[in-house]
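Inspection log for the structure reproduced underneath, given as C-alpha cells.
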Amino acid sequence: MSEFKGSIVPLVTPFKNGQIDEAAMERLIERQIAAGSHGLSVGGTTGEPGTLSLEERKYLIELAVKLIKGRVPLLAGTGTLRLDETLEITRFAQKVGAAGALVITPYYIKPNQEGLYRFFGQVAQAVPDFPIVLYNIPGRAGVEIKVETAARLRRDFPNIIGLKHSSKDVEYVSELLRTAGRDFRVFCGLEALTFPMMCVGAVGTIAATANWLPQETAQMCQLTLEGKYQEALELHYYGLEANDAIFWDTNPIPLKTVLSWMGLLEKEWRAPLGPTTPEIEARLRRMAESYGLIPKKEPHPPVLTDPAKKEYV
Ligand SMILES: O=C(O)C1=N[C@H](C(=O)O)C[C@H](O)C1
C-alpha cells in the first residue's frame, strides 16, 4: 500500500494518425524508467482521458502494465464523471496489474460533498484491496474535495491511501495531513508547488513537467524525502521555467510539442484541443533549448552580398 512516493509521472498519451501509438508509449516509458522516476501514471489530465473511449482507456492501462514489466508501480487514472464507468475502469486496472488507481473528482456535475463521499466510497468498496488515490483538481473539475470529506473517506475506507492535490492552496496540504493523519499520502499535482508541498509533508508529485525533466523531478523528490532541502531547493528553482511552460497553452499541447521535437512522439492531440500559435512555439523552442531538451539551432549565417566575400551583418 505504501509503494507510491516520489515522482509519479503522468504520461502523455501518444497518438499517431489518431490512434494510440504503442511504439511511442514504449519510448516514453523506457526513458522514464532509465531516468529514475519512482512511478508512472496513465490517464491523468495530461493523458487526455476525456477524449479517450472507455475501451481506449482500458487498452492504455493494459499496455502500460505490459511495457513497465513491474519495474515501477503504475497509478492508473480511472475516474470519469460516471460512477458505472469509473467502477468498470478501476476494476479493470486492478485485474490487469496496476498498483493503484487515481480517481478524479467527477467533473462538470458539481456534486455536493456528501455526493463526493458516496461516489468515492462506492469506488473504494468495489476494489477493497486496491489502493485508491483521490484526485482533487477544482480548477478543472469545478468542485473541490474538502479536507473533511477526504479525511472522512480515509477513515471509512482503508484502501483510500492518499490524495493528489492540483491547486495552489498549499495550506490545504497541512490541514489535510493534520485532519486525516500524517501518514495519508499526499501528492502535489501542480508542478511549481512540488517542493513547497513536500516540505509540509506531501510524499511526492504527479507533475506533467516530469515528461520533460524526469531525472531532475525524481531527484528533487528524493532529496526532499531524504531531508536534503538545500539541494532540492536548487532543483526547484532549476525547473521553474519548464513548470511555467507546461501552461503556456492548454496542457498537454506545449508538452507534446516539445516531445515531438525530441523525436519521442508525433505532435498530435485530440479535438477539442487545437493547434498552438507560432509565438508560443518560438517560446517553447527557446525554453527547450535552454534545458538541453533539443539542440540549439545554429546561429543564422552572416549575409554575404559582396563578391569580394566581405561580410555584412
Ligand atoms: O496530468 C496530470 O496529472 C496533471 N495535470 C495537471 C493539469 O493539466 O492541469 C497539472 C499537473 O501537471 C498534473
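So for the sequence shown, the working numbering puts the first residue at 7; every next one is plus one.
Don't be surprised by glycine CBs; every beta carbon is placed ideally from N, CA and C.
Here the structure is a predicted model, which is why all the values come from computation and not from measurement.
ask   = What whole-angstrom Cβ distance do L231 and K11 have, given they're in contact under 8 angstroms?
value = Numbered from its first residue, the sequence shown carries residue 231 at position 225. Numbered from its first residue, the sequence shown carries residue 11 at position 5. Contact flag correct, Cβ pair sits at about 7 angstroms.
request  = Could you name each continuous alpha helix (DSSP H) segment of 4 residues or more that falls completely within the region 142 to 170, going from the start of the chain to the end?
outcome  = Listed in chain order, they are 144 to 147, 153 to 162.
inquiry  = Tell me which residue opens and which closes the beta strand (DSSP E) that F193 is part of.
reply    = Taking the first residue of the sequence shown as position 1, residue 193 is located at position 187. Counting along the chain, F193 sits inside the beta strand (DSSP E) bounded by residues 191 to 194.
query = What span of residues does the beta strand (DSSP E) with L199 cover, start to end?
reply = Numbered from 1 along the sequence shown, position 193 holds the residue referred to as residue 199. Per DSSP, L199 belongs to no beta strand (DSSP E) and is neither H nor E.
request  = Determine the extent of the alpha helix (DSSP H) in which A70 is found, giving its start and end residues.
outcome  = In the sequence shown, counting from the first residue as 1, residue 70 sits at position 64. Going by DSSP, A70 is part of the alpha helix (DSSP H) stretching over 60 to 74.
task = Consult DSSP for G269 and reduce its assignment to one of helix, strand or coil.
result = Counting from 1 along the sequence shown, the entry for residue 269 is found at position 263. Of the three classes helix, strand and coil, the one that applies to G269 here is coil, per DSSP.
request  = Could you please give the first and the last residue of the uninterrupted alpha helix (DSSP H) stretch that includes S47?
outcome  = Along the sequence shown, read from residue 1 onward, the residue named residue 47 stands at position 41. Membership of S47 in any alpha helix (DSSP H) is not indicated; the residue belongs instead to the beta strand (DSSP E) covering 45 to 48.
query = What are the boundary residues of the beta strand (DSSP E) that includes S13?
reply = Reading the sequence shown from its first residue, position 7 is the one you call residue 13. First-last of the beta strand (DSSP E) with S13: 12 to 16.
Straight-line gap, P258 to G53 (C-alpha atoms, nearest Å) = The count along the sequence shown starts at 1 and reaches residue 258 at position 252. The count along the sequence shown starts at 1 and reaches residue 53 at position 47. Looking at the two C-alpha atoms, the distance is approximately 8 angstroms.
query = Ordered along the chain, which non-local residues of its own chain (more than five positions away) have a Cβ less than 6 angstroms from that of V209?
reply = What you label residue 209 is simply residue 203 of the sequence shown in a count that begins at 1. Correct list, in chain order: K11, R191.
task = Take N142 as the anchor and find which of K22, G168, D162, K302 has the nearest alpha-carbon.
result = As a position in the sequence shown, residue 142 is number 136, starting the count at 1. Shortest Cα-Cα distance from N142 to any of K22, G168, D162, K302 involves G168.
Limits of the alpha helix (DSSP H) - the one that L239 falls within = The residue given as residue 239 occupies position 233 in the sequence shown. Segment 235 to 244, the alpha helix (DSSP H) holding L239.
query = Given that a residue counts as buried once 16 or more other Cβ atoms are within 10 Å of its Cβ, and exposed if not, what is A251?
reply = Position 245 of the sequence shown, counted from the start, is the residue given in the question as residue 251. Sixteen is the threshold: when 16 or more other Cβ atoms of the shown chains lie within 10 Å of the Cβ of A251, as they do, the residue is buried.
key: Alpha carbon of M268 to alpha carbon of E181, nearest angstrom   = Stepping through the sequence shown from its first residue, residue 268 is reached at position 262. Stepping through the sequence shown from its first residue, residue 181 is reached at position 175. M268 and E181 have their C-alpha atoms some 41 angstroms from each other.
task = Look at the alpha carbon of T185 and the alpha carbon of A294, and state the distance between them as a whole number of angstroms.
result = Locating residue 185 in the sequence shown gives position 179, counting from the first residue. Locating residue 294 in the sequence shown gives position 288, counting from the first residue. T185 and A294 have their alpha carbons spaced roughly 41 angstroms apart.
Close Cβ partners of I300 (< 8 angstroms) along its chain, the five nearest in sequence each way excluded = Here residue 300 refers to the residue found at position 294 of the sequence shown. Within the same chain, I300 has close Cβ partners V264, W267, M268, R291, A294.
request  = Assign Y318 to one of two classes, buried (16 or more other C-beta atoms within 10 Å of its C-beta) or exposed (fewer than that).
outcome  = What you label residue 318 is simply residue 312 of the sequence shown in a count that begins at 1. Residue confidence is low: Y318 scores 43 on pLDDT, short of 50, so the model does not pin down where it sits. No coordinate-derived value is stated.
ask   = Buried or exposed: I151, going by 16 or more other Cβ atoms within 10 Å of its Cβ?
value = Here residue 151 corresponds to residue number 145 of the sequence shown, with the count starting at 1. So I151 ends up on the buried side.
request  = Classify M7 as buried or exposed, calling it buried when 16 or more other Cβ atoms lie within 10 Å of its own Cβ.
outcome  = Translated into positions along the sequence shown, residue 7 becomes position 1. Reliability fails at M7, whose pLDDT of 45 lies under 50, so the model's placement of it is uncertain and the value that follows must be treated cautiously. Under this definition M7 is an exposed residue.
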